[in-house]
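Student: Dropping the structure in here first, questions after.
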Amino acid sequence: MCTPQLLLLTVVVLMLPDAARPQPSSPAQALPTSSALGPVTPEVATAATPDWSEDPTPGTPSVPENATSDSFPALPICICDLTPDTCDLNCCCDKDCDLLHPRTVFSFCLPGSVRSSSWVCVDHSLIFRSNSPFPSRVLTDSSGIAQFCVRVNNSKLNYFQKLQTVNATNFEALAAEFGGQSLASTSETQPPSPFYRAGDPILIYYPSWSVVSSLRQPAAVGAGGLCTESSPAGFLESKSTTCTRFFRDLASSCTSEPALDAATYYNFMVLKVPRGMTDLQNAQLQVPVTLASEISPPLLAGNTCQNIVSQVLYDIETNGTFGIQKVSVSFRQTNLTVRPGVSLQQDFTIHFRALGQHMAALPAGPRSGNPGYLIGKPLLALTGDLGHSMTLLQSEGSGICSVKRQEVQFGVNTVSGCKFRPNEVNCSHLQEEIYQALHGRPRPEHVAIFGNADPAQKGGWTRILSRNCSVTAANGSSCCLIPVSLEIQVLWAHIGLQSNPQAHVAGARFLYQCKSVQEHQRGIEVPLTTLVNFVDITQKPEPPRDQPQTDWKLPFDFFFPFKVAFSRGVRAQDSASPVLVLCIFLLGVLSSQTR
Numbered sequence: 001m002c003t004p005q006l007l008l009l010t011v012v013v014l015m016l017p018d019a020a021r022p023q024p025s026s027p028a029q030a031l032p033t034s035s036a037l038g039p040v041t042p043e044v045a046t047a048a049t050p051d052w053s054e055d056p057t058p059g060t061p062s063v064p065e066n067a068t069s070d071s072f073p074a075l076p077i078c079i080c081d082l083t084p085d086t087c088d089l090n091c092c093c094d095k096d097c098d099l100l101h102p103r104t105v106f107s108f109c110l111p112g113s114v115r116s117s118s119w120v121c122v123d124h125s126l127i128f129r130s131n132s133p134f135p136s137r138v139l140t141d142s143s144g145i146a147q148f149c150v151r152v153n154n155s156k157l158n159y160f161q162k163l164q165t166v167n168a169t170n171f172e173a174l175a176a177e178f179g180g181q182s183l184a185s186t187s188e189t190q191p192p193s194p195f196y197r198a199g200d201p202i203l204i205y206y207p208s209w210s211v212v213s214s215l216r217q218p219a220a221v222g223a224g225g226l227c228t229e230s231s232p233a234g235f236l237e238s239k240s241t242t243c244t245r246f247f248r249d250l251a252s253s254c255t256s257e258p259a260l261d262a263a264t265y266y267n268f269m270v271l272k273v274p275r276g277m278t279d280l281q282n283a284q285l286q287v288p289v290t291l292a293s294e295i296s297p298p299l300l301a302g303n304t305c306q307n308i309v310s311q312v313l314y315d316i317e318t319n320g321t322f323g324i325q326k327v328s329v330s331f332r333q334t335n336l337t338v339r340p341g342v343s344l345q346q347d348f349t350i351h352f353r354a355l356g357q358h359m360a361a362l363p364a365g366p367r368s369g370n371p372g373y374l375i376g377k378p379l380l381a382l383t384g385d386l387g388h389s390m391t392l393l394q395s396e397g398s399g400i401c402s403v404k405r406q407e408v409q410f411g412v413n414t415v416s417g418c419k420f421r422p423n424e425v426n427c428s429h430l431q432e433e434i435y436q437a438l439h440g441r442p443r444p445e446h447v448a449i450f451g452n453a454d455p456a457q458k459g460g461w462t463r464i465l466s467r468n469c470s471v472t473a474a475n476g477s478s479c480c481l482i483p484v485s486l487e488i489q490v491l492w493a494h495i496g497l498q499s500n501p502q503a504h505v506a507g508a509r510f511l512y513q514c515k516s517v518q519e520h521q522r523g524i525e526v527p528l529t530t531l532v533n534f535v536d537i538t539q540k541p542e543p544p545r546d547q548p549q550t551d552w553k554l555p556f557d558f559f560f561p562f563k564v565a566f567s568r569g570v571r572a573q574d575s576a577s578p579v580l581v582l583c584i585f586l587l588g589v590l591s592s593q594t595r
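Sequential numbering of the sequence shown, starting at 1, is according to our numbering.
As structure tokens, this is what we get:
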């Protein structure tokens, strides 16, 4: 781009007082901003940065006597004319607007809708008469100083440089000169890392197909919590995910859907380190996935799809830079009734531990306090050896109970409800299904006393008290008592120093409210409610007593100190001088008062 040369303007400067100096024919108008004029130094003409507009002000300022009238410039290409047969807002080159002076209507002109221009400005007080053949303006900047500006006619500002001819000879040279870093795949340009780093995808190998992929941990996406398979498991990132799968035709998907078959989650080899990709025939760099539980393949029996996967749990042992040493997987399988639009909730957990470390209960998440609970943190629960968070019902937009659940937050009283559509009609099965909907799966058996409770230490947990409904109502065998409400009562208290109290759970219980319904009734909707109530039972100590205060008392006998001093006999001789000084002082005070 060429830099415009400053043109010497023929001007006459008269060093006259302000009163005798000639004034322009009309007052100058104020500029909305000074960015179009650039920095201005008195007595020195300064070229301002082009503002991509034809005029440095949207108004029509006063023009010196010999200023050249400036008509609206026509552009051969109007880049902001995007709507045919319609005037585009602030597009000063749009012919559909049919405006002779668009700046009088628009607040500003879009970039590229007017010709670019370059302006030179000096203090207006230095100008008596302009002989410049170029358009000029008298403007006022944001500081209130009048400026005399002349537009330099530099046509090079309105055009790009001539397009270069590209052919097979100079293509590579131009691409190397003006191009940036290539977006080529890193797997083609960089060798695999010698070991896994935290967060790296875990590589797996399918020997039957000679395919290398990454270990996936399905996660929920969207408002419905649908499962997505594009979430890779990160090295050393222990976490749990829950998602939902919907089936239009479960009868055909029961044995053909890979996500329902347990074999999908272990029929591969895990690469110990990423460099195992370079030698896929080396079995020493691969780890098989061992089964830690008994499984059965999916089976469609009548109207029930049996042995489908509802929970997958990986346990991975690592040894620093030597990578993955052992991988085991366990499953939980369930049965699902075939019906249109049936859904299945699946849980996926990956747990990393050091080689040789004792396998404890899998952590469900971070601590809820250390040691005491923090307000708003999840209330920890324990089922068997599995630690997890206590959850509540959550409804969808239609009010139907969602498969997604919300966590119980410590110290936060909550009420939630939804409409539940049971699948079972038998009384005992119906009760079990509603119980599971109320307290979640797995059912909490213990609650953590402190926020940092270890699932392996049973002493850090207290059992949840509960009492279920009876199987059948007393008024007849055709009725069934089902729970419709669950109230979770948690008693907690502060212990420890008052300056740093720690919240702990003293006890918890489940209170069910039951309702009698007709047994073997299909298509019913049961409104369910869950409540959480935290009760503070802190016993505060007695307030501390006040600090001892000093009570100053003077003897009633004013001359008591003197008597004590003289009664000491010989020892009083050492203090005779201070006593005499005190007596002289007192005599002086008495004599001054008698005058």
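Don't be surprised by glycine CBs; every beta carbon is placed ideally from N, CA and C.
Model, not experiment: these values are computed from the prediction.
From this set, Val403, Cys418 and Gly341, which residue's C-alpha is nearest Asp249's C-alpha?
Tutor: Gly341
Student: Report the start-end ranges of each alpha helix (DSSP H) in the region 411-466 that is 4 residues or longer and not cut off at the edges.
Tutor: 427-439
Student: With 16 as the cutoff for other CB atoms within 10 Å, does Leu586 come out buried or exposed?
Tutor: Exposed.
Student: Go ahead and pull the three-state DSSP assignment for Met390.
Tutor: coil
Student: With a cut-off of 8 Å on the beta carbons, I'd call Ser238 and Phe410 a contact; round off their distance for me.
Tutor: Actually they are not in contact, since the Cβ atoms of Ser238 and Phe410 sit about 22 Å apart, beyond 8 Å.
Student: Give the DSSP-derived three-state secondary structure of Asp385 in the structure shown.
Tutor: Secondary structure of Asp385 (DSSP, three-state): coil.
Student: What would DSSP say about Ala354, mapped onto helix, strand or coil?
Tutor: In the structure shown, Ala354 falls within a strand segment according to DSSP collapsed to helix, strand and coil.
Student: Count the other C-beta atoms from every protein chain shown that fall within 10 angstroms of the C-beta of Val13, then say buried if there are 16 or more, exposed otherwise.
Tutor: Note that Val13 scores a pLDDT of 36, beneath 50, so its modelled location is shaky; the value from the coordinates is reported in the next line. The residue is exposed, with fewer than 16 neighbouring Cβ atoms inside 10 Å.
Student: Please classify Tyr206 as buried or exposed, where buried requires at least 16 neighbouring CB atoms within 10 angstroms.
Tutor: It is exposed - the Cβ of Tyr206 has fewer than 16 other Cβ atoms within 10 Å.
Student: Ignore the nearest five residues each way along the sequence and tell me which others in Ile295's own chain have a CB closer than 7 Å to its CB.
Tutor: Ala262, Phe331 and Gln333
Student: Can you tell me whether Asn307 is buried or exposed? The criterion is at least 16 other CB atoms within 10 Å of its CB, across all chains shown.
Tutor: buried
Student: State yes or no: is the C-beta of Phe344 within less than 8 Å of the C-beta of Arg245?
Tutor: Looking at the sequence shown, residue 344 is not Phe but Leu. Yes, Cβ-Cβ distance for Leu344 and Arg245 is below 8 Å.
Student: Any idea if His504 is buried or exposed, counting beta-carbon neighbours within 10 angstroms, 16 or more meaning buried?
Tutor: buried
Student: Would you please state the rounded distance, in angstroms, between the beta carbons of Ala292 and Ser328? I believe it to be under 8 Å.
Tutor: 5 Å
Student: Considering only their Cβ atoms, is the gap separating His439 from Trp461 smaller than 8 Å?
Tutor: no
Student: If you check the beta carbons only, do Gly199 and Gly234 fall under 8 Å apart?
Tutor: yes
Student: Is there contact here, the region 297-305 with the region 206-215, by at least three beta-carbon pairs under 8 Å?
Tutor: no
Student: In the DSSP assignment, the beta strand (DSSP E) including Ala493 goes from what residue to what residue?
Tutor: Cys479 to Ile495
Student: What would DSSP say about Phe322, mapped onto helix, strand or coil?
Tutor: helix
Student: Once DSSP output is grouped into helix, strand and coil, what is the label at Ser62?
Tutor: Residue confidence for Ser62 is low, a pLDDT of 37 falling below 50, so the modelled location carries little weight; the figure read from the coordinates is stated next. Ser62 falls in the coil class under three-state DSSP.
Student: What is the rounded straight-line gap between the Cα of Pro135 and the Cα of Pro102?
Tutor: 19 Å
Student: Assign Gln346 to buried or exposed, taking buried as 16 or more other Cβ atoms, counted over all protein chains shown, within 10 Å of its Cβ.
Tutor: buried
Student: Measuring alpha carbon to alpha carbon, tell me which of Asp536, Thr530 and Gln498 ends up nearest Glu542.
Tutor: Closest by alpha carbon: Gln498.
Student: Can you tell me which of Leu486, Leu75 and Glu257 puts its alpha carbon nearest to the alpha carbon of Arg115?
Tutor: Leu75
Student: CB-CB under 8 Å to Ala354, same chain, minus the five flanking residues each way: which ones, in chain order?
Tutor: Glu317, Thr318 and Asn319
Student: In whole angstroms, give me the CA-to-CA distance for Ile127 and Thr104.
Tutor: 28 Å
Student: By DSSP, does His101 sit in helix, in strand, or in coil?
Tutor: coil
Student: Whose C-alpha, out of Pro274, Leu491 and Val532, is nearest the C-alpha of Val196?
Tutor: This sequence places Tyr at residue 196; Val is not what is there. Comparing Cα-Cα distances from Tyr196 to each of Pro274, Leu491 and Val532, the minimum goes to Pro274.
Student: When burial is assigned at 16 or more other CB atoms within 10 Å of the CB, is Ala453 buried or exposed?
Tutor: Under a 10 Å Cβ-count criterion, Ala453 is classified as buried, with 16 or more other Cβ atoms of the shown protein chains found around its own Cβ.
Student: Helix, strand or coil, according to DSSP, for Thr264 in the structure here?
Tutor: Here Thr264 sits in helix by DSSP.
Student: Hey, could you find the ends of the alpha helix (DSSP H) Ala176 is sitting in?
Tutor: Phe171 to Phe178
Student: Identify the continuous beta strand (DSSP E) that holds Ser213 and give its terminal residues.
Tutor: For Ser213, the uninterrupted beta strand (DSSP E) segment begins and ends at Val211 to Ser214.
Student: Could you give the first and the last residue of the continuous alpha helix (DSSP H) run that contains Ala259?
Tutor: Run containing Ala259: none; DSSP gives neither H nor E here.
Student: The alpha helix (DSSP H) with Leu89 in it runs from where to where?
Tutor: Element bounds for Leu89: n/a, residue is neither H nor E.
Student: With respect to the beta strand (DSSP E) encompassing Ala168, which residues constitute its N-terminal and C-terminal limits?
Tutor: Careful: Ala168 lies outside any beta strand (DSSP E) and carries neither H nor E.
Student: Counting only the same chain and skipping the five closest in sequence on each side, list residues whose C-beta sits under 8 Å from that of Val166.
Tutor: Excluding sequence neighbours, Val166 sits near Leu174.
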